[in-house]
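Asks: My structure is below; once you've seen it, I'll send some questions.
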Amino acid sequence: MGKSLLMQKIIMNSQEPLESMWLRRGSSPVDWCETNYTFSPFIAEFFNTISNVLFILFTPVLIQLHKPYASIMGPGIHIIWALLFVVGLSSAYFHATLSLLGQLLDEVAILWVVMAGFGMWFPKSFMPGWIVETRGRKNFLVLVFCATLMSTHFSFIISNNYPLKEPSVKYWPSDSFELGIPYVQLRADSPGSYFKDPSI
């Protein structure tokens, strides 16, 4: 039986509230290749956890090294380093506990780093004309920030409304196309089951 199906059965048969299940050790359906609890009874994936110390230790060093860059290009680079610090903490928590909350914190933090970099370093020549004509980069950053905030909020709405459904990665135009564009699709038991009102 797959781990995700096992997690669904545990959740369905458990009397524990869903909120506390997110915090429980091993509640994440993801388990990496490292053997769990080999080196410490408190850390599930020892080497994955310890390797995140680099994110935490290098953040102040990188802030100092990039002060000249920040003085010329703007202090936005420090947001990247701060978010990488959060990635290090979140990833260490996830790999130490393998909790669902840790997994979500880890993945969301990584996505926020990617979006911050996208917002800061996206070439102005590729931006839509209406953004460049008004306030350029500042409007683009606001647009990227709003899109990131909405998509993060949307993911939590979906996970709260459909906690037993797991996402799957699909590729457009088809899964067998080598250069397909990846997107996430929520799995449904039957077509349209997410939108059916059980009271009808």
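Numbering-wise, this note's numbering comes out as the position in the sequence shown, counting from 1, plus 22.
We treat Cβ as the ideally placed atom computed from N, Cα and C, and that holds for glycine.
Roughly how far, in whole angstroms, is the beta-carbon of Thr-170 from the beta-carbon of Trp-194, given that I think they are within contact range, below 8 Å?
Replies: Not confirmed; about 21 Å, so no contact.
Asks: Excluding the 5 residues preceding and the 5 following Ile-65 in the sequence, name in chain order all residues of the same chain whose CB lies nearer than 6 Å to its CB.
Replies: Thr-71, Ala-118
Asks: Taking one C-beta from the region 122-133 and one from the region 80-98 each time, how about it: are there three or more such pairs within less than 8 Å?
Replies: Cβ pair count under 8 Å is below three, so no.
Asks: Just to check my reading of the structure: Leu-84 and Trp-103 have Cβ atoms closer than 8 Å, yes? What is that Cβ distance to the nearest angstrom?
Replies: Sure, about 5 Å apart at Cβ, within 8 Å.
Asks: May I ask you to report which of helix, strand or coil DSSP gives Tyr-115?
Replies: helix
Asks: Using the C-alpha atoms, what's the distance from Asp-197 back to Ile-203?
Replies: 9 Å
Asks: Please identify the residue among Phe-162, Phe-176, Trp-152, Ile-132 whose C-alpha is closest to the C-alpha of Gly-141.
Replies: Phe-162
Asks: Relative to the C-alpha of Val-52, which residue among Thr-60, Leu-111, Glu-129, Arg-157 is closest?
Replies: Glu-129
Asks: Could you compute how far the alpha carbon of Glu-56 sits from the alpha carbon of Phe-116?
Replies: So the two alpha carbons sit approximately 13 Å from each other.
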